[in-house]
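Notes follow once the structure below has been shown.
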Amino acid sequence: MLTIAMAKGRILKEALELFSRAGIPVSDSLNEDSRKLVITMPEAGFSLFLAKPMDVPTYVEYGVADLGIVGKDVLLEQERDVYELLDLRISPCRMAVAGKPDWRPGLYPRVATKYPRIAEKYFKEKGQQVEVILLNGSVELAPIIGLADRIVDIVSTGQTLRENGLVELEPICTVTSRMIANRASYRLKSEPISALMNALSKVIGECVRR
Ligand code: PRP
19 MLTIAMAKGR ILKEALELFS RAGIPVSDSL NEDSRKLVIT MPEAGFSLFL
69 AKPMDVPTYV EYGVADLGIV GKDVLLEQER DVYELLDLRI SPCRMAVAGK
119 PDWRPGLYPR VATKYPRIAE KYFKEKGQQV EVILLNGSVE LAPIIGLADR
169 IVDIVSTGQT LRENGLVELE PICTVTSRMI ANRASYRLKS EPISALMNAL
219 SKVIGECVRR
């Protein structure tokens with residue numbers, strides 16, 4: 019049996035739909051109110067560990083999960099020692115700089131974000147000095163209440179920005195969910211991993227990277 023660390027929330031729902039489309043018999047008994055964290059799917063040949071997105075690469079790097087499904091945003095932020103096997107093309111969104119529409123660049127702006135490395139790299143490459151402030155969620159609050167001048171965050175539908183009177187100022191990159199693998203598992207369990215990747219890549223129309 020393979021073990022897959024799966025990001026909870028929107029990615030989980032779309033990943034299960036993708037598995038179904040690929041003919042993988044995933045249980046449809048996963049109800050949204052459930053607090054269960056390990057879901058065994060014997061017919062599909064794997065168990066799912068439902069984790070916070072930021073923790074998925076940790077489970078995979080340490081080898082307690084053979085595979086992981088997580089957004090490219092988290093992979094870019096963490097640069098973990100894992101293989102990135104496949105772009106699943108689910109949960110598309112973008113990483114962007116956002117803020118109030120009337121914002122004007124100051125001398126040493128403060129940028130609030132869940133992604134300090136991505137933010138620092140982005141502004142460094144632009145040659146702009148900023149102070150990056152780490153937050154763990156609801157980042158859109160920061161410019162509204164005056165903690166920061168701008169935010170770096172993911173934008174999906176744009177609803178959170180709109181409802182909080184913020185606008186996208188600069189795009190950084192596009193983000194989709196990826197399948198990642200532990201390096202040892204990739205060698206030791208190559209057969210079931212390849213079978214799963216092939217089934218998924220057929221419905222996605224994307225090539226397996228390794
Ligand atoms: C993410 C992101 C934005 C929002 C964007 O937050 O950080 O806040 O979704 O989505 P939208 O463009 O469709 O509104 P998430 O829901 O993961 O919660 P968080 O703020 O607690 O991190």
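Numbering follows the working numbering, with no gaps: position 26 of the sequence shown is 44. C-beta atoms are modelled at their ideal positions from N, C-alpha and C, and glycine is treated no differently.
Three-state class that DSSP yields for residue i in the structure shown
i           : result
residue 215 : helix
residue 53  : coil
residue 178 : helix
residue 189 : strand
Cα-Cα separation, residue i to residue j
i           : j           : result
residue 130 : residue 60  : 43 Å
residue 229 : residue 116 : No answer is possible for residue 229: it lies beyond the span of the chain, which begins at 19 and ends at 228.
residue 100 : residue 133 : 19 Å
Chain-order list of residues whose beta-carbon lies under 7 Å from that of residue i (same chain, five-residue window excluded)
i           : result
residue 17  : Beyond the ends of the chain as shown, which are 19 and 228, falls residue 17; an answer cannot be given.
residue 127 : 148, 167 and 168
Neighbour-count burial assignment, residue i, 16 or more Cβ in a 10 Å radius
i           : result
residue 53  : exposed
residue 74  : buried
residue 161 : buried
residue 66  : buried
residue 95  : buried
residue 167 : buried
residue 91  : buried
residue 2   : There is simply no residue 2 to check, as the chain begins at 19 and stops at 228 in what is shown.
residue 33  : buried
Same chain, Cβ closer than 8 Å to residue i, five either side skipped, listed in chain order
i           : result
residue 29  : 71, 87, 88, 89, 108, 109 and 195
residue 22  : 64, 65, 66, 67, 83, 84, 85, 86 and 87
residue 176 : 186
Cβ-based neighbour list, residue i, same chain, cut-off 6 Å, excluding 5 preceding and 5 following
i           : result
residue 200 : 78, 81 and 84
**Request:** Would you list, in sequence order, the uninterrupted beta strand (DSSP E) runs of no fewer than 3 residues that lie entirely inside the region 63 to 127?
**Result:** 64 to 69, 85 to 89, 101 to 105 and 111 to 117
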